[in-house]
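Heads up: the structure comes next, in structure tokens.
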Amino acid sequence: MAGRNILAQRLDRIGFTRDVRRIVYVYLAAFLVFAIGQIVHPGFAQLDSIAAILTVASFVGLVAAGQTFVVLIGGIDLSVPWVLNAAAILLVTSSLGEDGRAAYALVITLGMGAAAGIVNGIMIAFLGVPAVVMTLAMNGIMEGLTLGLSGGMTCDSCASYAPPVVQDAVHGSLFGIPMALILWVVIIAIVSFVLSFTTFGRKTYAIGNNVKASYLAGVNVRLVTLLLYTLSGLFAALAGILLVGFGGQASLGMGDPYLFQSIAAVVIGGVYVLGGRGHYLGTAAGAVTLVALVSVLLAMNMPDYGRNIIYGIVILILLLLYGREEKEE
Amino acid sequence: MSTEAAIERPKAHRLTYFVGQNIGLVLALTMLIVAVLLYCLVYWIEQQALPGKFELTSTVNNTMSLVLCGMGQAFVVLTRGLDLSIGGIMDLANALAAVHIKDSIGSMIGWSILILAIGAALGLINGLLVAVGRLQPILVTLATLSIYQGVAIRVLPQPGGSIPPIFSSVLVNPNQPTALVYVLVVALIWYAFRRSSLGVSIFALGNDEQAARANGIDTVRAQVAAFTLSGLMSGAAGLFLAATATAGDATTGNGFTLSSIVAVVLGGMNLFGGRGSGIGVIAGAFVTTMIVNILFFSNIDPLYQSFYEGLFLVIAVVLGSLISRIMRRRS
């Protein structure tokens, strides 16, 4: 352990630590996927096609932001799919597609996401429920509540559209750049700043590296854990809002792909799953790589099952690559 | 060390000690009894009669898949891991059974064995990646889940195929609770496992990997074996799933990844490895089915089902850790 730290410190001075190298790899991987896409399907790397891919990646990226936070302390958030789905449905049912109610709907939707995260956090940090079990249960709880309260999406208000303000905000563009993408860039900047330059970020890494040591060093482990799960719930709800703004209407099961994709983005992004190492900059590139890969496969007319298989194989290969780097030291 | 302490204790404390040591199993069985009583109560209120043979048969038949894959999950959880690919292996087993099993004894037996072997092989792949590749179980099995599901959809793109009625009635007889025999078989498998050297290795590995290795236990072999067993059990669970549904669907197994974890947790098994009982997991699987039954007879909208499952899961875990904390403080 000590030798590893000294090595890391030395590399740090050169400014090219292993953690930085990992992030660079992910960006290279993203470029590689775009290059392959351009070869197999000329026109793939055109500007508007890239913008479309990045927009889709921004939804994954938002969910993965929350996932990155909890994975950094060695946790996991399996409640993402139905928190996201509940948020999307809550936004349309509470706003009824009216602009006048949009602000109110946004507040209660984000509040709902945060509340789900807070409950996760309290149970995990204060009552010692394993994160896997708690977030799994929360996923079921949100699923049951969403289905039950909306009568299986048969309620009158369920067919409402997202308020035009929200739709315009997601579909709009500034200087030719889609708004969803601009929002994501802002989020990337904020999350990266929080992780790298605030005490909260330092505490997060500290807990991920060693819970006991950080507790003894005066970190309020429980509070930080609670906040991180709250953030994850909040990001899932935000992604739900953007998705329903993008698609116009909510549907059941729209959150399902985001569990696998958010975890995949985190893994591809080089975040260490046992916590303490990794950065959202990597995760963001991971999300782009993943979505670009899916788009390439779609462009190649790859059927669904083939995509599933390739997804899995890519993650396994990346895991093996990262694992190997671990051993070299 | 702990057994010596038990022998020296006065008799009155021995029971407390036993309960404290096997708190998971005790809680799981208590929960099962409470669930069955509650089920009888709501059934009585609705039907003015007690549940009979038909209810027993359908409960056992519907729970067999979960008993099997829950037990598979248990082997992996004991090593401090988690197998998320269970649903994928069940999907593939289900799809293969629906496409290939024909109405002849040879085909039924041959394909059943082949499907079990495929399940074990897929588990072996998980195990090798985790133990030899030194990767995180959750991530490896999340990746293989995606692969196995993909292959399952390739085998059976649309729900369909068929399962010979004879095959169904041998596994899940709709008229007699013969499937209880299989529950007994699973319990016996657990007892054999617990007493085998493999069982000792897996428990030791889950308790303290370094200590296990220091004592000459081949931890890589133990981990690979645990995942292989999990794959084998999931294959069997897929066969039972196909038999209950009488046709194939390459997606019905998906939910079992989560339910298998629920069964393991309700069964009182420690998710941090090395502690727990397979008998508890069998009880946990039945509790899960009982919850569904109770909700059905209490006229609760089935749409709320996952809400209650999630709620009970949390309550069970919190109560379990609370009671075991109190027990430990006392003894």
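Note that the protein sequences, when read in sequence, are chains S and Z. According to the numbering used here, the residues represented by the first sequence are -3 to 325, in order. According to the numbering used here, the residues represented by the second sequence are 3 to 333, in order. Built from N, CA and C at the ideal position, the CB exists for glycine as well. All values derive from a computational prediction rather than experimental measurement.
Test item: CB-CB of Val294 (chain Z) and Gln307 (chain Z) under 8 Å: The count along the second sequence starts at 1 and reaches residue 294 (chain Z) at position 292. The count along the second sequence starts at 1 and reaches residue 307 (chain Z) at position 305. In this structure, Gln307 (chain Z) lies closer than 8 Å to Val294 (chain Z) by Cβ.
Cβ-based burial, Asn301 (chain Z) [other Cβ within 10 Å; buried from 16]: Working through the second sequence from its first residue, we reach residue 301 (chain Z) at position 299. The residue in question, Asn301 (chain Z), is exposed, as its Cβ has fewer than 16 Cβ neighbours within 10 Å.
Cβ neighbour criterion (16 or more within 10 Å) applied to Ala61 (chain S): Mapped onto the first sequence, residue 61 (chain S) falls at position 65. Ala61 (chain S) should be labelled buried.
Nonlocal neighbours in the same chain, by C-beta distance under 6 Å from Ser326 (chain Z), ignoring five residues either side: Start at 1 with the first residue of the second sequence, and residue 326 (chain Z) comes out as number 324. Taken in chain order, the residues that qualify are Ile25.
Where Asn177 (chain Z) falls, given that 16 or more other Cβ within 10 Å makes a residue buried: Numbered from its first residue, the second sequence carries residue 177 (chain Z) at position 175. Burial call: exposed.
Proximity below 8 Å, CB of Thr285 (chain S) to CB of Ile305 (chain S): Numbered from its first residue, the first sequence carries residue 285 (chain S) at position 289. Numbered from its first residue, the first sequence carries residue 305 (chain S) at position 309. Not closer than 8 Å, so no.
Residue(s) in a DSSP beta bridge with Ile173 (chain S): Indexing the first sequence from 1 puts residue 173 (chain S) at position 177. Ile173 (chain S) is bridged to S:Leu170.
Straight-line Cα distance separating Gly140 (chain S) from Met92 (chain Z): If you number the second sequence from 1, residue 92 (chain Z) lands on position 90. If you number the first sequence from 1, residue 140 (chain S) lands on position 144. Computed Cα separation, rounded: 24 Å.
Strand pairing of Gly250 (chain Z), partner residues [DSSP]: Within the second sequence, numbered from 1, the residue matching residue 250 (chain Z) stands at position 248. Per DSSP, Z:Gly162.
Within-8 Å CB hit, Gln151 (chain Z) to chain S: As a first step, residue 151 (chain Z) is located in the second sequence; it is residue number 149 there, counting from the start. Yes, its Cβ sits closer than 8 Å to a Cβ of chain S.
CB contact check: Ala133 (chain S) to chain Z, cutoff 8 Å: Start at 1 with the first residue of the first sequence, and residue 133 (chain S) comes out as number 137. For Ala133 (chain S), the answer is yes, since a Cβ of chain Z falls inside 8 Å of its Cβ.
Within-8 Å CB hit, Val319 (chain Z) to chain S: Sequence index remark: in the second sequence, residue 319 (chain Z) carries index 317 (1-based). Judged by the 8 Å Cβ criterion, Val319 (chain Z) is in contact with chain S.
Given Thr195 (chain S) as reference, the closest of S:Ala53, S:Val181, S:Gly214, S:Ile183 once Cα atoms are compared: Here residue 195 (chain S) corresponds to residue number 199 of the first sequence, with the count starting at 1. Measuring from the Cα of Thr195 (chain S), the nearest candidate turns out to be S:Gly214.
Contact set between the stretch 132 to 145 of chain Z and chain S, restricted to residues whose Cβ is under 9 Å from the partner: Gly135, Arg136, Leu137, Gln138, Ile140, Leu141, Val142, Leu144, Ala145
Alpha-carbon to alpha-carbon, Gly272 (chain S) and Glu325 (chain S): As a first step, residue 325 (chain S) is located in the first sequence; it is residue number 329 there, counting from the start. As a first step, residue 272 (chain S) is located in the first sequence; it is residue number 276 there, counting from the start. Bear in mind that a pLDDT of 36 at Glu325 (chain S), under 50, signals an unreliable position, so the number given afterwards is only what the model happens to contain. Going by the C-alpha atoms only, they are around 18 Å apart.
Whole-angstrom distance between Arg17 (chain S) and Gly201 (chain Z), CA atom to CA atom: Within the second sequence, the letter at position 199 stands for residue 201 (chain Z). Within the first sequence, the letter at position 21 stands for residue 17 (chain S). Each residue's Cα considered, the two are about 42 Å apart.
Sequence-distant residues of its chain with Cβ nearer than 6 Å to Ala224 (chain Z) (five each side left out): Working through the second sequence from its first residue, we reach residue 224 (chain Z) at position 222. Answer for Ala224 (chain Z): Ser203, Ile204, Leu207, listed in chain order.
Proximal residues of chain Z, C-beta to C-beta of Pro174 (chain S) below 9 Å: If you number the first sequence from 1, residue 174 (chain S) lands on position 178. None at all; the shortest Cβ gap to chain Z is about 29 Å.
Ser261 (chain Z) versus Met271 (chain Z): straight-line alpha-carbon distance, rounded: On the second sequence, position 259 is the one that residue 261 (chain Z) refers to. On the second sequence, position 269 is the one that residue 271 (chain Z) refers to. Approximately 14 Å, taken between the alpha carbons.
CA-to-CA distance, Thr200 (chain S) to Leu212 (chain S), given in whole angstroms: Numbered from 1 along the first sequence, position 216 holds the residue referred to as residue 212 (chain S). Numbered from 1 along the first sequence, position 204 holds the residue referred to as residue 200 (chain S). Spanning the two alpha carbons is a distance of roughly 14 Å.
First and last residue of the uninterrupted alpha helix (DSSP H) at Lys104 (chain Z): In the second sequence, counting from the first residue as 1, residue 104 (chain Z) sits at position 102. That residue, Lys104 (chain Z), is in no alpha helix (DSSP H); it is neither H nor E in DSSP.
Between the CA atoms of Ser67 (chain Z) and Asn175 (chain Z) - distance to the nearest angstrom: Counting from one through the second sequence, the residue named residue 175 (chain Z) turns up at place 173. Counting from one through the second sequence, the residue named residue 67 (chain Z) turns up at place 65. Near 14 Å, if we compare the C-alpha coordinates of Ser67 (chain Z) and Asn175 (chain Z).
Sequence-distant residues of the same chain with beta carbon closer than 7 Å to Val128 (chain S), five excluded per side: Taking the first residue of the first sequence as 1, we reach residue 128 (chain S) at position 132. Hits under 7 Å: Ile72, Leu74.
Other residues of its chain near Leu52 (chain Z): CB distance less than 8 Å, five sequence neighbours each side excluded: By 1-based counting over the second sequence, the position of residue 52 (chain Z) is 50. Excluding sequence neighbours, Leu52 (chain Z) sits near Cys42, Tyr45, Trp46.
Near-chain Z residues of the stretch 234 to 259 of chain S - C-beta to any C-beta below 8 Å: Phe256, Ile259
Simplified DSSP assignment, three categories, for Met298 (chain S): Within the first sequence, the letter at position 302 stands for residue 298 (chain S). Of the three classes helix, strand and coil, the one that applies to Met298 (chain S) here is coil, per DSSP.
Separation of Gly275 (chain Z) from Asn209 (chain Z), as counted between CA atoms: Working through the second sequence from its first residue, we reach residue 209 (chain Z) at position 207. Working through the second sequence from its first residue, we reach residue 275 (chain Z) at position 273. Rounded to whole angstroms, Asn209 (chain Z) to Gly275 (chain Z) spans 6 Å at the Cα level.
is_contact[Asp303 (chain Z), chain S] using C-beta, thresh 8 Å: Start at 1 with the first residue of the second sequence, and residue 303 (chain Z) comes out as number 301. Yes, its Cβ sits closer than 8 Å to a Cβ of chain S.
Residue burial classification, Phe193 (chain S) (beta-carbon count within 10 angstroms, cutoff 16): Reading the first sequence from its first residue, position 197 is the one you call residue 193 (chain S). Flag for Phe193 (chain S) reads exposed.
C-beta contact flag for Gly90 (chain Z) and Ala154 (chain Z) at 8 Å: For this step, residue 90 (chain Z) is matched to residue 88 along the second sequence. For this step, residue 154 (chain Z) is matched to residue 152 along the second sequence. It is a contact, given that the beta carbons lie within the stated cut-off.
Chain-order list of residues whose beta-carbon lies under 6 Å from that of Pro161 (chain Z) (same chain, five-residue window excluded): Mapped onto the second sequence, residue 161 (chain Z) falls at position 159. Asp251, listed in sequence order.
Which listed residue (Z:Thr81, Z:Arg196, Z:Thr180) has its alpha carbon closest to that of Gln212 (chain Z): On the second sequence, position 210 is the one that residue 212 (chain Z) refers to. Measuring from the Cα of Gln212 (chain Z), the nearest candidate turns out to be Z:Thr81.
CB contact below 8 Å: Asp15 (chain S) versus chain Z: Taking the first sequence and counting its residues from 1, one reaches residue 15 (chain S) at position 19. No, its Cβ sits nowhere closer than 8 Å to a Cβ of chain Z.
Per-residue burial, Ser153 (chain S) [other beta carbons within 10 Å of its own, 16 or more giving buried]: For the purposes of this step, residue 153 (chain S) is taken as residue 157 along the first sequence, with counting starting at 1. The residue is exposed, with fewer than 16 neighbouring Cβ atoms inside 10 Å.
Limits of the alpha helix (DSSP H) - the one that Pro77 (chain S) falls within: Here residue 77 (chain S) refers to the residue found at position 81 of the first sequence. Residues 76 to 91.
Through-space distance from Val20 (chain S) to Leu230 (chain S), alpha-carbon basis: Position 234 of the first sequence, counted from the first residue, corresponds to residue 230 (chain S). Position 24 of the first sequence, counted from the first residue, corresponds to residue 20 (chain S). Rounded to whole angstroms, Leu230 (chain S) to Val20 (chain S) spans 28 Å at the Cα level.
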